[in-house]
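>
Numbering (my numbering), first residue to last: -8 to 491.
1. Going by DSSP in three states, residue 280 sits in which element: helix, strand or coil?
2. If I'm right that residue 99 touches residue 159 with Cβ under 8 angstroms, what's the distance once you round it to whole angstroms?
3. Give the DSSP-derived three-state secondary structure of residue 179 in the structure shown.
4. From residue 72 to residue 86, what does the alpha carbon distance come to, in whole angstroms?
5. Measuring only the C-alpha atoms, how far is residue 244 from residue 250?
6. Is the beta carbon of residue 102 within less than 7 angstroms of some heavy atom of the ligand FMN?
7. Quick check on this structure: which residue in 230, 195 and 430 has the alpha carbon closest to the alpha carbon of residue 297?
8. Distance check for residue 302 and residue 400, CA to CA, integer angstroms please.
9. Quick one: grab the DSSP three-state call for residue 324.
10. Considering only C-alpha positions, which residue in the set 14, 43, 9 and 10 is nearest to residue 24?
11. Are there 16 or more other CB atoms within 10 angstroms of the CB of residue 441, so buried, or fewer, so exposed?
12. Does the distance from the C-beta atom of residue 141 to that of residue 113 stay below 8 angstroms?
13. With DSSP as the reference, identify every bridge partner of residue 334, one or two as the case may be.
14. From residue 209 to residue 110, what distance separates their C-alpha atoms?
15. Comparing C-alpha positions only, which one of 361, 13 and 470 sits nearest to residue 293?
16. Please report the residue range of the beta strand (DSSP E) in which residue 201 lies.
17. Starting from residue 100, trace the alpha helix (DSSP H) in both directions and tell me its first and last residue.
18. Put residue 148 into one of helix, strand or coil per three-state DSSP.
19. Here's a check: name, in chain order, each residue in its chain whose Cβ is nearer than 7 angstroms to the Cβ of residue 60, leaving out the five neighbours to either side.
20. On the DSSP letters alone, give me the boundaries of the beta strand (DSSP E) that residue 14 sits inside.
21. Just to confirm my understanding: we take residue 286, look at its own chain, exclude 5 residues before and 5 after, and list those with CB closer than 8 angstroms. What are they?
22. By DSSP, does residue 115 sit in helix, in strand, or in coil?
23. For residue 309, which residues from the same chain have a beta carbon less than 7 angstroms from its beta carbon, with the 5 sequence-adjacent residues on both sides left out?
24. Contact between the region 470 to 482 and the region 123 to 131: three or more CB pairs below 8 angstroms?
25. Measuring CA to CA, which of 128, 83, 93 and 374 is closest to residue 38?
26. Between which two residues does the alpha helix (DSSP H) carrying residue 48 extend?
27. Would you decide whether residue 443 is buried or exposed? Buried here means 16 or more other CB atoms lie within 10 Å of its CB.
28. If you follow the alpha helix (DSSP H) that residue 454 is in, where does it begin and where does it stop?
29. Going along the chain, which residues of its own chain have a beta-carbon closer than 6 angstroms to the beta-carbon of residue 463, five neighbours each way excluded?
30. Alpha carbon to alpha carbon, what distance is there between residue 147 and residue 199?
Set out below in structure tokens:
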């Protein structure tokens, strides 16, 4: 094999080459490191190298895993890897080294993956862009002036630039689907309860977070989630049953599906970017050509309740994260060790009452039931993943949740704002201007995937988001596999790519 062909294979394809004896894990690892060193100075996707440890681990790889010997990168948030610093994108954690493997890392290792580095993430994975003070910004390989998304932006950029075919991430408000949409990749968020969070977490962000991977192929995401799925000891949720493996599902064409679609953002009013609308309409046409029934329809959410509840959950989680982090680190975290936005959100999370928080929770559950009732008429719901192509660096510093809430964080409880619907509407229109829909399905817990089905006139990826009924991840994978065959994206290469 010529290593120039490395990027022509997905992770399962590389594993097959190893199984056939056409290449060794050591050769693949050396190639991945070479490719990282070639492009990472331009994109800043990998913030910690683990080369020596990776080579040493080659002699101890478990046999039989679906990804035996395949190079891999691990998002540097919550994924404890014994003996390797875990910074969570925060200066407060810059010297923290866990002495254990979390359950997710154990399953990555059992799948045969060779982890040789960790990828960049915003502080505590809060926002949809990756530019932490600790490690600096990650650039989008499609346009270095644009964000790679977040919070799994380092992983997304590494895959889009051809360093690895697949890298880890987590999705609490879109953090797999956002970088997938920005990078022309597959980002699949599973149904709540499929993926383990132990031993330190049970339902991060109140059940909104599901871990997984960003990948170039549908089948890699399916096979990886098959390897990861299944609750761990003490998990608060049961895993919903599946009729078949996800890998099997993506290899089978789906039945004729009834698919609802909408051009409207879900977390705010207003409209979407013309490129998002064009991508959606082209996708609708493609789906009709494949024999599916398309209906323009959307659930009627209470946007105020979605916005209030989501922001309260995030703020509360950040406040709790800092308190528990102090216990982990064995010391108080100084204000100066945190980014201003993080500190502000933590203060906000401590400002409202438990009763206010409970009311917000109940209202979110009502919205979840509303969506599932809507989905009884459909198999899949389709929207653009984001409001438009990747935004420029600094977007969240000037237009995000943080700037809008910072003047009021120290003086008001968010619950008191709920009485002023115009304030909440303004908050929704600005805070969710670009990331306008993904977090709805973190709230509901439904499976949701971003697929790279459109490129803008200036060659930026524009993802389309498909969401299924609760527990029906296999239906989404069947559809994703069909779309990958009908409109392949493998020939697309970012301007910054490790082959060049």
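Cβ atoms here follow ideal geometry from the backbone N, Cα and C, with glycine treated the same way. These numbers were taken from a predicted model, which means no experiment stands behind them.
Concretely, from the data shown:
1. helix
2. 7 angstroms
3. strand
4. 14 angstroms
5. 15 angstroms
6. Annotation note on the ligand FMN: not contained in the displayed structure, which lists no ligands.
7. 430
8. Caution is warranted here: a pLDDT of 47 is assigned to residue 400, below 50, making its placement in the model unreliable, and no coordinate value can be reported.
9. coil
10. 43
11. buried
12. yes
13. BP columns for residue 334 are empty, so no partner.
14. 21 angstroms
15. 361
16. 201 to 206
17. 94 to 101
18. helix
19. 6, 9, 16, 19, 52, 103 and 105
20. Taken as a continuous stretch (DSSP letters only), residue 14 belongs to no beta strand (DSSP E), as it is neither H nor E.
21. 249, 250, 251, 252 and 369
22. helix
23. 115, 117, 333, 336, 337 and 340
24. no
25. 128
26. 42 to 48
27. buried
28. Counting along the chain, residue 454 falls outside any alpha helix (DSSP H), though it belongs to the beta strand (DSSP E) covering 452 to 459.
29. none
30. 20 angstroms
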